[in-house]
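Chemist: For the sequence shown, the residue numbers in my numbering are 13 to 263.
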Amino acid sequence: IMDTTTKYVVQTVPVLMALWARYFLQALISSLWLWPTHGRALLRTRRPWLQALRGLSLVASTLFAILSVRFMPVGEFVAIVMLVPVIVTLISATLFRERVRPTQWLFLLVGFAGVMLIIEPAQPRFGWNTLFPLACVVASVAYQLSSSHLSRTEPASTVHFLSMCIGAIAASLLLPWGWSTVDSGFMWLLMVAMGAMGAVSHFLLALAYQRAPATEVVPYLYSQVGFAVLFGWIVFSELPGTLSGAGIVLI
């Protein structure tokens with residue numbers, strides 16, 4: 013839903029303006045939500061550099077996601093980003109020695125095959141616009157791995173709050189290159205919705221990583237594909253082609 017809303021917004025609002033609005037509102041909502049109960053404890057962290065990496069990789073992945081949905085169907089973008097579970101699982105299993113069951117490997121490989129059908133790297137349409145979701149994949153992998161490692165020593169509230177604040181600061185630094193007056197109240201309502209959905213979803217992800225390793229959390233990202241295709245069809249009449257449709261079904 014958030015990706016579809018974002019695509020609708022950036023048809024009117026400049027990309028950097030939409031990015032700033034989302035992160036400013038995410039930080040504001042998170043502050044109003046968490047500060048009354050946690051106070052200054054939200055600012056205490058044992059791993060400031062890893063917190064910075066998480067926050068910056070999150071805002072980078074969001075920027076590339078916004079650019080992606082501006083130029084391609086929402087369903088195809090989300091399907092390409094499903095490379096993230098494969099890469100995160102590989103890194104977690106090989107470098108961090110997390111246990112991965114054979115069935116998990118099977119599902120991940122089938123998902124990877126689906127992604128290859130969607131992006132069709134041998135076809136001419138594999139162009140510069142496809143690089144945006146691939147850049148989003150790289151940033152998302154860094155975000156997911158840093159989330160997993162921070163969850164071992166930091167409270168979910170601190171991890172979430174600091175990432176939202178870092179994202180808001182980074183987006184504010186980029187704002188001079190994308191500022192635009194938005195007169196539409198409906199657009200502001202949609203951007204508030206983006207901020208609310210982002211704040212809630214990222215906090216829930218931080219909670220998930222405190223309860224399970226990355227290899228068990230990231231496969232749930234695949235559930236985004238069906239919703240992305242559904243809402244892309246409802247809002248933008250975007251239907252995937254034959255190969256893309258087969259890839260989405262595999263995922």
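Note that CB positions come from ideal geometry on N, CA and C, so glycine has one too.
Starting from Gln222 and walking both ways along the alpha helix (DSSP H), at which residues does that stretch end?
Modeler: Element bounds for Gln222: 197 to 223.
Chemist: Please report how far the alpha carbon of Leu242 lies from the alpha carbon of His172, in whole angstroms.
Modeler: Approximately 29 Å between the Cα atoms of the pair.
Chemist: Ignore the nearest five residues each way along the sequence and tell me which others in Ser192's own chain have a CB closer than 8 Å to its CB.
Modeler: Excluding sequence neighbours, Ser192 sits near Val25, Pro26, Met29.
Chemist: Alpha carbon to alpha carbon, how far is Arg59 from Ser163?
Modeler: Arg59 and Ser163: Cα-Cα distance of roughly 11 Å.
Chemist: Give the list of continuous alpha helix (DSSP H) stretches no shorter than 4 residues that lie fully inside the segment 82 to 151.
Modeler: Taking only runs of at least 4 residues, the alpha helix (DSSP H) segments lying wholly in the segment 82 to 151 are 86 to 93, 95 to 106, 114 to 131.
Chemist: Is Ala125 buried or exposed, if buried means 16 or more other CB atoms sit within 10 Å of its CB?
Modeler: Burial call: exposed.
Chemist: Pull up the distance between the alpha-carbon of Thr106 and that of Val229, whole angstroms please.
Modeler: Each residue's Cα considered, the two are about 17 Å apart.
Chemist: Can you have a look at Pro85 and say buried or exposed, based on whether 16 or more other CB atoms are within 10 angstroms of its CB?
Modeler: Buried is the call here.
Chemist: By the 10 Å Cβ neighbour count, where 16 or more other Cβ atoms means buried, how is Phe76 classified, buried or exposed?
Modeler: When all chains shown are included, Phe76 counts as buried.
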